[in-house]
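The structure appears below as C-alpha coordinates.
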Amino acid sequence: MKKPAVFMDRDGTVNEQMGYINHLDRFVLLPGAGKAIRLLNEAGYLAIIVSNQSGVARGYFPVNLVYQVHEKMETLLKTDGATLDGIYFCPHYPSGKVSLYAMGCDCRKPGTGLIRKAEADFDIDMENSYVIGDRCSDIEMAHKAGLKSILVKTGYGKGDLAYVFPQFPFQPLHVAEDLLDGVKWILG
14 MKKPAVFMDR DGTVNEQMGY INHLDRFVLL PGAGKAIRLL NEAGYLAIIV SNQSGVARGY
74 FPVNLVYQVH EKMETLLKTD GATLDGIYFC PHYPSGKVSL YAMGCDCRKP GTGLIRKAEA
134 DFDIDMENSY VIGDRCSDIE MAHKAGLKSI LVKTGYGKGD LAYVFPQFPF QPLHVAEDLL
194 DGVKWILG
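For the sequence shown, position 178 matches number 191 in our numbering, and the numbering has no gaps at all.
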(Lines of atoms letter the chains of each structure in order from A and count residues from 1; the text may use other names and numbers.)
(Lines give C-alpha, C1' and ligand atoms only; values in the text may rest on other atoms or scores of the structure.)
Protein backbone atom coordinates (compact mmCIF):
# COMPACT_ATOMS: atom_id res chain seq x y z
CA MET A 1 0.00 0.00 0.00
CA LYS A 2 1.37 3.39 -1.00
CA LYS A 3 2.38 5.82 1.74
CA PRO A 4 2.56 9.59 1.44
CA ALA A 5 5.96 11.19 2.02
CA VAL A 6 7.26 14.46 3.34
CA PHE A 7 10.48 15.37 1.55
CA MET A 8 12.44 17.70 3.81
CA ASP A 9 15.39 19.88 3.01
CA ARG A 10 18.19 19.43 5.56
CA ASP A 11 20.14 22.65 6.17
CA GLY A 12 17.91 25.47 7.37
CA THR A 13 14.87 23.18 7.70
CA VAL A 14 15.88 20.28 9.97
CA ASN A 15 19.12 21.76 11.30
CA GLU A 16 20.49 25.26 11.74
CA GLN A 17 21.66 26.93 8.53
CA MET A 18 25.43 27.27 8.98
CA GLY A 19 26.50 27.70 5.38
CA TYR A 20 28.57 24.61 4.66
CA ILE A 21 28.62 22.05 7.47
CA ASN A 22 32.34 21.44 7.17
CA HIS A 23 32.76 19.93 10.64
CA LEU A 24 30.58 17.56 12.66
CA ASP A 25 30.35 20.10 15.51
CA ARG A 26 28.58 22.56 13.21
CA PHE A 27 25.52 20.30 12.89
CA VAL A 28 22.77 21.47 15.28
CA LEU A 29 19.15 20.33 15.07
CA LEU A 30 16.55 23.09 15.04
CA PRO A 31 14.14 23.13 18.00
CA GLY A 32 11.09 20.98 17.32
CA ALA A 33 12.63 19.12 14.36
CA GLY A 34 12.66 15.77 16.18
CA LYS A 35 9.08 16.19 17.33
CA ALA A 36 8.01 17.13 13.79
CA ILE A 37 9.57 14.00 12.29
CA ARG A 38 8.15 11.82 15.08
CA LEU A 39 4.67 13.19 14.27
CA LEU A 40 5.21 12.22 10.62
CA ASN A 41 6.31 8.72 11.72
CA GLU A 42 3.23 8.32 13.91
CA ALA A 43 0.89 9.58 11.16
CA GLY A 44 2.22 7.05 8.63
CA TYR A 45 4.16 9.47 6.41
CA LEU A 46 7.56 8.56 5.03
CA ALA A 47 10.10 11.07 6.38
CA ILE A 48 12.73 11.67 3.71
CA ILE A 49 15.63 14.14 3.57
CA VAL A 50 16.59 15.64 0.18
CA SER A 51 19.63 17.90 0.30
CA ASN A 52 22.14 19.64 -1.95
CA GLN A 53 25.68 19.13 -0.62
CA SER A 54 27.79 20.87 -3.26
CA GLY A 55 30.58 21.44 -0.71
CA VAL A 56 31.76 17.94 -1.68
CA ALA A 57 32.29 18.94 -5.34
CA ARG A 58 33.70 22.32 -4.33
CA GLY A 59 36.36 20.57 -2.21
CA TYR A 60 35.21 22.11 1.08
CA PHE A 61 34.85 18.72 2.78
CA PRO A 62 34.98 15.02 1.82
CA VAL A 63 31.85 13.04 0.99
CA ASN A 64 32.52 10.92 4.07
CA LEU A 65 31.72 13.94 6.28
CA VAL A 66 28.22 14.11 4.76
CA TYR A 67 27.63 10.51 5.88
CA GLN A 68 28.98 11.29 9.37
CA VAL A 69 26.66 14.31 9.64
CA HIS A 70 23.72 12.11 8.62
CA GLU A 71 24.63 9.54 11.28
CA LYS A 72 24.72 12.32 13.87
CA MET A 73 21.36 13.65 12.63
CA GLU A 74 19.74 10.22 12.92
CA THR A 75 21.19 9.71 16.42
CA LEU A 76 19.89 13.10 17.60
CA LEU A 77 16.47 12.46 16.06
CA LYS A 78 16.24 9.07 17.83
CA THR A 79 16.49 10.86 21.18
CA ASP A 80 13.15 12.47 20.23
CA GLY A 81 11.71 9.12 19.11
CA ALA A 82 11.97 10.12 15.44
CA THR A 83 13.34 8.16 12.49
CA LEU A 84 14.06 9.01 8.89
CA ASP A 85 13.00 6.59 6.18
CA GLY A 86 15.56 7.87 3.70
CA ILE A 87 18.32 10.42 3.19
CA TYR A 88 19.20 11.50 -0.34
CA PHE A 89 21.79 14.12 -1.22
CA CYS A 90 23.44 15.61 -4.27
CA PRO A 91 27.24 16.07 -3.99
CA HIS A 92 27.55 17.61 -7.47
CA TYR A 93 28.38 21.10 -8.70
CA PRO A 94 29.12 21.84 -12.37
CA SER A 95 32.24 23.94 -11.74
CA GLY A 96 33.45 21.99 -8.71
CA LYS A 97 37.12 21.34 -7.98
CA VAL A 98 36.74 17.61 -7.23
CA SER A 99 36.53 16.01 -10.67
CA LEU A 100 34.49 13.01 -9.51
CA TYR A 101 31.63 15.35 -8.50
CA ALA A 102 32.19 18.31 -10.87
CA MET A 103 29.22 17.82 -13.19
CA GLY A 104 25.72 18.88 -14.01
CA CYS A 105 23.05 16.44 -12.88
CA ASP A 106 19.32 16.07 -12.35
CA CYS A 107 19.70 15.40 -8.61
CA ARG A 108 20.79 18.94 -7.70
CA LYS A 109 17.73 20.87 -6.55
CA PRO A 110 15.66 22.29 -8.13
CA GLY A 111 16.07 19.16 -10.26
CA THR A 112 13.89 16.23 -9.27
CA GLY A 113 16.48 13.43 -9.28
CA LEU A 114 16.49 12.99 -5.49
CA ILE A 115 12.68 12.76 -5.45
CA ARG A 116 12.73 10.24 -8.31
CA LYS A 117 15.36 8.15 -6.55
CA ALA A 118 13.22 8.02 -3.39
CA GLU A 119 10.16 7.22 -5.51
CA ALA A 120 12.06 4.24 -6.99
CA ASP A 121 13.05 3.02 -3.50
CA PHE A 122 9.64 3.41 -1.82
CA ASP A 123 6.01 2.90 -2.82
CA ILE A 124 5.08 6.59 -2.44
CA ASP A 125 1.63 8.13 -2.72
CA MET A 126 2.91 11.18 -4.62
CA GLU A 127 -0.53 12.76 -4.84
CA ASN A 128 -0.60 13.23 -1.05
CA SER A 129 3.09 14.02 -0.54
CA TYR A 130 4.79 17.32 0.34
CA VAL A 131 8.12 19.11 0.16
CA ILE A 132 9.19 21.29 3.11
CA GLY A 133 12.17 23.59 2.69
CA ASP A 134 13.65 27.01 3.33
CA ARG A 135 14.72 27.95 -0.22
CA CYS A 136 13.09 28.84 -3.50
CA SER A 137 14.90 25.82 -5.01
CA ASP A 138 12.93 23.51 -2.69
CA ILE A 139 9.64 25.05 -3.82
CA GLU A 140 10.66 24.88 -7.49
CA MET A 141 11.65 21.21 -7.09
CA ALA A 142 8.24 20.48 -5.54
CA HIS A 143 6.51 22.19 -8.46
CA LYS A 144 8.57 20.25 -11.03
CA ALA A 145 7.80 16.96 -9.23
CA GLY A 146 4.07 17.76 -8.97
CA LEU A 147 4.17 17.92 -5.16
CA LYS A 148 2.63 20.31 -2.66
CA SER A 149 5.15 22.64 -1.01
CA ILE A 150 5.68 24.38 2.30
CA LEU A 151 8.24 27.13 2.84
CA VAL A 152 9.61 27.43 6.38
CA LYS A 153 10.84 30.76 7.76
CA THR A 154 13.91 29.15 9.31
CA GLY A 155 17.26 29.11 7.48
CA TYR A 156 16.99 31.26 4.34
CA GLY A 157 13.18 31.18 4.43
CA LYS A 158 12.46 34.68 5.72
CA GLY A 159 14.88 36.27 3.27
CA ASP A 160 13.64 34.25 0.29
CA LEU A 161 10.05 35.09 1.27
CA ALA A 162 10.81 38.82 1.38
CA TYR A 163 13.15 39.19 -1.60
CA VAL A 164 12.91 36.19 -3.95
CA PHE A 165 9.31 34.99 -3.93
CA PRO A 166 7.67 38.30 -4.95
CA GLN A 167 9.20 37.79 -8.45
CA PHE A 168 9.50 33.98 -8.36
CA PRO A 169 7.28 31.95 -10.74
CA PHE A 170 6.70 29.15 -8.19
CA GLN A 171 4.91 29.84 -4.91
CA PRO A 172 4.57 27.61 -1.83
CA LEU A 173 1.16 26.23 -0.97
CA HIS A 174 1.78 27.25 2.65
CA VAL A 175 4.31 29.26 4.66
CA ALA A 176 5.17 27.89 8.12
CA GLU A 177 7.23 29.25 10.99
CA ASP A 178 9.36 26.09 11.14
CA LEU A 179 9.34 22.37 10.39
CA LEU A 180 7.07 21.53 13.33
CA ASP A 181 4.56 24.20 12.30
CA GLY A 182 4.63 22.88 8.72
CA VAL A 183 4.09 19.28 9.80
CA LYS A 184 1.21 20.30 12.07
CA TRP A 185 -0.36 22.09 9.11
CA ILE A 186 -0.08 18.95 6.97
CA LEU A 187 -1.57 16.76 9.69
CA GLY A 188 -4.22 19.31 10.70
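Beta carbons: idealized from backbone N, C-alpha and C, even for Gly.
Use the C-beta contact count for Tyr58: other C-beta atoms within 10 angstroms, 16 or more gives buried, fewer gives exposed. buried
Whole angstroms are fine: how far does the CA of His187 sit from the CA of His36? 33 Å
Looking only at C-alpha atoms, which of Thr96, Gly68 and Glu87 sits nearest to Ala56? Thr96
Excluding five sequence neighbours on each side, which residues of the same chain lie with their C-beta closer than 6 Å to the C-beta of Gly195? Ile145, Ile163, Val165 and Ala189
Alpha carbon of Asp138 to alpha carbon of Leu43, nearest angstrom: 28 Å
Cβ pair count under 8 Å reaching 3, the stretch 59-67 against the stretch 168-184: no
Ile50 versus Gly25: straight-line alpha-carbon distance, rounded: 15 Å
Quick one: grab the DSSP three-state call for Phe20. strand
Can you check whether the CB of Gly99 is closer than 8 Å to the CB of Leu192? no
Assuming Arg148 and Tyr176 are in contact, meaning their beta carbons sit under 8 Å apart, how far apart are those beta carbons, in whole angstroms? Actually they are not in contact, since the Cβ atoms of Arg148 and Tyr176 sit about 12 Å apart, beyond 8 Å.
For Gly124, the nearest candidate out of Leu113, Arg39, Gly159 and Asp136 (CA to CA): Gly159
Run through DSSP, which three-state label would Cys149 get? helix
For the alpha helix (DSSP H) holding Asn141, just list the boundary residues, first then last. Premise fails: Asn141 is in no alpha helix (DSSP H) and is neither H nor E.
What separation, rounded to the nearest whole angstrom, lies between the Cα atoms of Arg11 and Gln30? No answer is possible for residue 11: the residues shown for the chain start at 14 and end at 201.
8 Å Cβ shell around Gln81 - same chain, five flanking residues per side excluded: Leu37
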